[in-house]
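Peer 1: Residue numbers (this note's numbering): -10 to 159. Note that CB positions come from ideal geometry on N, CA and C, so glycine has one too. My questions will all concern the structure given below.
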């Protein structure tokens, strides 16, 4: 398992670095099925979909705050085994991302109809504009949205990432 620790000066841009840490057996994740775990110390419910790659991730796919908002981590085109669907293929990645967002919503007891905010990160805005229709169903509730072109994502195979916020009672 890995944990995320903040420190000043380790990484110039955001001050975050990774290090190994031990997690006791009683705190390990049971990822056999889609589930919503108990509350953490900040009054949030952490959401996991049950995909194997989540077990080694330092972050949760989503958190539900006390205000009934589901804050979903940036979703990429990862398949359940952790590999990337359609390396370099914007349409395939967009379609996989929509499915992955639906999976997180379902695990939390929400739906994409409740999306109130999205930030879309891509390494190629022009290519994204050509396949925008692939994520059209995420716009059902006309959420606030921002499209940002960035130089790279977590893996060189990834070219698109979407970070939505979902209202739970929608």
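If we count the other Cβ atoms within 10 Å of its Cβ and call it buried at 16 or more, is residue 51 buried or exposed?
Peer 2: Classification of residue 51: buried, given that the 10 Å Cβ count is 16 or more.
Peer 1: Helix, strand or coil: how does DSSP classify residue 89 here?
Peer 2: Reduced to three states, the DSSP call for residue 89 is helix.
Peer 1: Output the residue ranges of the beta strand (DSSP E) runs that lie fully inside the segment 36 to 89 and measure 3 residues or longer, sorted by chain position.
Peer 2: As far as the segment 36 to 89 is concerned, its whole beta strand (DSSP E) runs of at least 3 residues are 51 to 53 and 58 to 61.
Peer 1: In the DSSP assignment, the alpha helix (DSSP H) including residue 116 goes from what residue to what residue?
Peer 2: It spans 114 to 119 - the alpha helix (DSSP H) in which residue 116 sits, taken as one unbroken run.
Peer 1: Just grab the DSSP bridge partners of residue 106 for me.
Peer 2: Beta-bridge pairing links residue 106 to 133 and 154.
Peer 1: Going by alpha carbons, who is nearest to residue 154 out of 113, 146 and 130?
Peer 2: Of the listed residues, the one whose Cα sits closest to residue 154 is 130.
Peer 1: Look at the Cβ atom of residue 136, then the Cβ atom of residue 109, and state whether they are nearer than 7 Å.
Peer 2: A contact, by the Cβ cut-off of 7 Å.
Peer 1: What do you reckon, are the CB atoms on residue 93 and residue 132 nearer than 7 Å?
Peer 2: For residue 93 and residue 132, no; Cβs fall outside 7 Å.
Peer 1: Considering only their Cβ atoms, is the gap separating residue 85 from residue 66 smaller than 7 Å?
Peer 2: Contact: yes.
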